[in-house]
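Novice: My questions will all concern the structure given below.
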Amino acid sequence: MRIFAQVWGTCLGLGLALAIAPTAGAFEPSDLDRLLRTGACPACRLQEADLAGRTLSRGSPVNGRIAPLDLSNADLRGARLRRADLGRADLRGADLTAADLGAAELRYADLRGARLHGTDLSGANLASARLDEVDLRRADLRRARLIHTRLAGARLNGADLSEALLVRTSFLDADLSGASLRRAFLSETDLRGARLDGADFSGANLLNADGLTQHQLDQACGDEATVLPEWLRIPACR
Numbered sequence: 018m019r020i021f022a023q024v025w026g027t028c029l030g031l032g033l034a035l036a037i038a039p040t041a042g043a044f045e046p047s048d049l050d051r052l053l054r055t056g057a058c059p060a061c062r063l064q065e066a067d068l069a070g071r072t073l074s075r076g077s078p079v080n081g082r083i084a085p086l087d088l089s090n091a092d093l094r095g096a097r098l099r100r101a102d103l104g105r106a107d108l109r110g111a112d113l114t115a116a117d118l119g120a121a122e123l124r125y126a127d128l129r130g131a132r133l134h135g136t137d138l139s140g141a142n143l144a145s146a147r148l149d150e151v152d153l154r155r156a157d158l159r160r161a162r163l164i165h166t167r168l169a170g171a172r173l174n175g176a177d178l179s180e181a182l183l184v185r186t187s188f189l190d191a192d193l194s195g196a197s198l199r200r201a202f203l204s205e206t207d208l209r210g211a212r213l214d215g216a217d218f219s220g221a222n223l224l225n226a227d228g229l230t231q232h233q234l235d236q237a238c239g240d241e242a243t244v245l246p247e248w249l250r251i252p253a254c255r
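Now the structure itself:
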């Protein structure tokens with residue numbers, strides 16, 4: 018009986034310990050408080066945190082300059098960041114899978130190495146942001162502003178860039194297979210080496226796109242409203 022009681026007590030203790038221990042990767046309220054107070058929270062756990070519309074603290078000035086918001090390597094899966102001000106933020110290596118960044122301010126943000134699979138970036142301002150080699154598969158970039166944005170080597174398979182403003186954007190060696198660029202405006206956009214298999218350019222303006230070849234367009238599709246240089250043609254979408 019004594020042995021049974023000891024075993025039972027041990028099991029009960031373990032169960033309680035597991036019950037009160039934080040789940041790996043779970044939202045941590047203290048991390049959110051730290052972010053809001055200091056503007057720096059690298060490697061924080063902020064899944065599904067509600068930061069919609071926030072102008073987040075940039076921390077204390079360093080050498081007379083405000084330090085950028087530091088969310089490098091943070092877990093922000095499913096976080097609500099709609100209309101949040103993340104300009105110049107350090108988001109390198111952050112996991113923003115399925116996060117809501119609609120209409121967010123992300124000018125000059127550094128997102129290299131971030132995961133943005135299925136992320137809502139519709140209407141976001143990504144001017145001069147760094148997204149080299151970022152995972153943006155099936156991301157929603159409708160009406161996003163990508164002016165001077167670096168997306169070299171990025172994976173944009175199945176992404177929606179309809180009506181996006183793509184001025185001097187770098188898609189060097191990026192994968193845009195199956196992406197929608199319907200009615201997008203591309204001016205001085207670098208498409209050298211970009212994969213365009215199945216990309217939809219219906220109604221898009223590609224008149225001043227850079228590095229665009231007939232071979233690339235043969236793998237994509239458009240319609241009578243697609244604007245191209247006179248020496249290029251595009252198959253009709255079915």
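For the sequence shown, our numbering assigns the number 18 to the initial residue and increments by one for each residue that follows. Even glycine gets a Cβ: it sits at the ideal position worked out from N, Cα and C. Predicted model only: the values in this text are computed from it and were never measured.
So is S194 buried or exposed if we call it buried at 16+ other beta carbons inside 10 Å?
Specialist: Buried, because 16 or more other Cβ atoms sit within 10 Å of the Cβ of S194.
Novice: Can you find the residues in the same chain that come closer than 6 Å, C-beta to C-beta, to N225, ignoring five residues on each side of it along the sequence?
Specialist: Correct list, in chain order: S204 and E205.
Novice: Would you report the Cα separation of D127 and A201, rounded to the nearest angstrom?
Specialist: Their Cα atoms are separated by approximately 24 Å.
Novice: For R212, which residues of its own chain have a beta-carbon under 7 Å away from its beta-carbon, when the five flanking residues on both sides are left out?
Specialist: Counting only Cβ-Cβ distances below 7 Å, and skipping sequence neighbours, we find D192, L193 and S194.
Novice: Jot down the residue ranges of each uninterrupted beta strand (DSSP E) in the region 154 to 184, minimum 3 residues, whole runs only, in chain order.
Specialist: Within the region 154 to 184, the complete beta strand (DSSP E) runs of at least 3 residues are 182 to 184.
Novice: Which value, in whole angstroms, describes the spacing of the CA atoms of S77 and L52?
Specialist: Reliability of the predicted coordinates at S77 is poor, the pLDDT of 43 falling under 50, and no value is obtained from them.
Novice: Output the distance between the C-alpha atoms of A106 and D214, rounded to the nearest integer angstrom.
Specialist: Computed Cα separation, rounded: 33 Å.
Novice: For T186, count neighbouring Cβ atoms within 10 angstroms of its own Cβ and tell me buried if that reaches 16, exposed if not.
Specialist: Burial call: buried.
Novice: Does the beta-carbon distance from L118 to D137 come in below 8 Å?
Specialist: Yes, they are a contact pair.
Novice: Based on the DSSP output, what are the partners of C238 in its beta bridges?
Specialist: For C238, which the question treats as bridged, DSSP gives the partners D217.
Novice: Alpha carbon to alpha carbon, how far is D217 from R129?
Specialist: One C-alpha to the other measures close to 26 Å.
Novice: Nearest to S139 by alpha carbon, out of R97, L148, R167 and D157?
Specialist: Cα-wise, what sits closest to S139 is D157.
Novice: Distance check for G110 and S145, CA to CA, integer angstroms please.
Specialist: Distance between the alpha carbons of S145 and G110 is about 18 Å.
Novice: Among A253, I164, L148 and N90, which residue has its Cα nearest to the Cα of R199?
Specialist: When each option's Cα is compared against that of R199, the closest is A253.
Novice: Measuring alpha carbon to alpha carbon, tell me which of R62, S89, D67 and L123 ends up nearest R97.
Specialist: Comparing Cα-Cα distances from R97 to each of R62, S89, D67 and L123, the minimum goes to D67.
Novice: Excluding sequence positions up to five away, which residues of its chain have a Cβ less than 7 Å from the Cβ of I251?
Specialist: F218, L234, A237, C238, G239, T243 and L245, listed in sequence order.
Novice: Considering only DSSP beta bridges, list what E122 is partnered with.
Specialist: Note: E122 sits in a beta bridge opposite D102 and N142.
Novice: From D227 to G175, what distance separates their C-alpha atoms?
Specialist: If I take the Cα positions, the gap works out to 22 Å.
Novice: For L143 versus L163, is the C-beta distance shorter than 8 Å?
Specialist: Cβ atoms of L143 and L163: closer than 8 Å.
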